[in-house]
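A quick write-up on the structure given underneath.
Residue numbers (UniProt numbering): 1 to 86.
And the structure:
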């Protein structure tokens, strides 16, 4: 999932923020669990694992989205070159 203010150049995107936005609910669940269990991380492993899985899923969606944009851009460039050649 991309932030609403999508950048033209992926180098300018703060991917950590993208993942944080996508997985905010999972991060909050970790904080609540840690608070309930006096910050014993071992008691909140399920919440931590869910957050990591969410980030992995968000990263996969972003990488697929970037690849699609790259493929579309390359295709446009090839088509534009072919139009000038004929």
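Where a beta carbon is used, it is the ideal one built from N, C-alpha and C, also for glycine.
Treat the numbers as computed from the prediction; the structure is a model and nothing was measured.
Delimiting residues of the alpha helix (DSSP H) encompassing residue i
i: residue 35; result: 24 to 36
Whole-angstrom distance between residue j and residue i, CA atom to CA atom
i: residue 67; j: residue 45; result: 33 Å
i: residue 74; j: residue 18; result: 25 Å
i: residue 115; j: residue 48; result: No statement about residue 115 is possible, as the shown extent of the chain runs from 1 to 86 and does not include it.
i: residue 35; j: residue 41; result: 10 Å
i: residue 155; j: residue 38; result: A question about residue 155 goes unanswered here, because the residues of the chain that appear run from 1 up to 86.
i: residue 31; j: residue 43; result: 12 Å
i: residue 16; j: residue 63; result: 13 Å
i: residue 89; j: residue 72; result: The question about residue 89 has no answer here: the residues shown for the chain are numbered 1 through 86.
i: residue 2; j: residue 27; result: Note that residue 2 scores a pLDDT of 45, beneath 50, so its modelled location is shaky; the value from the coordinates is reported in the next line. Using only the alpha carbons, I get a separation of about 18 Å.
C-beta atoms of residue i and residue j nearer than 9 Å
i: residue 133; j: residue 50; result: Lying before the first or after the last residue shown, residue 133 is absent from the chain, which here runs from 1 to 86.
Across the region 21 to 28 and the region 44 to 58, are there enough close Cβ pairs to call them in contact, namely three or more that are closer than 8 Å?
yes
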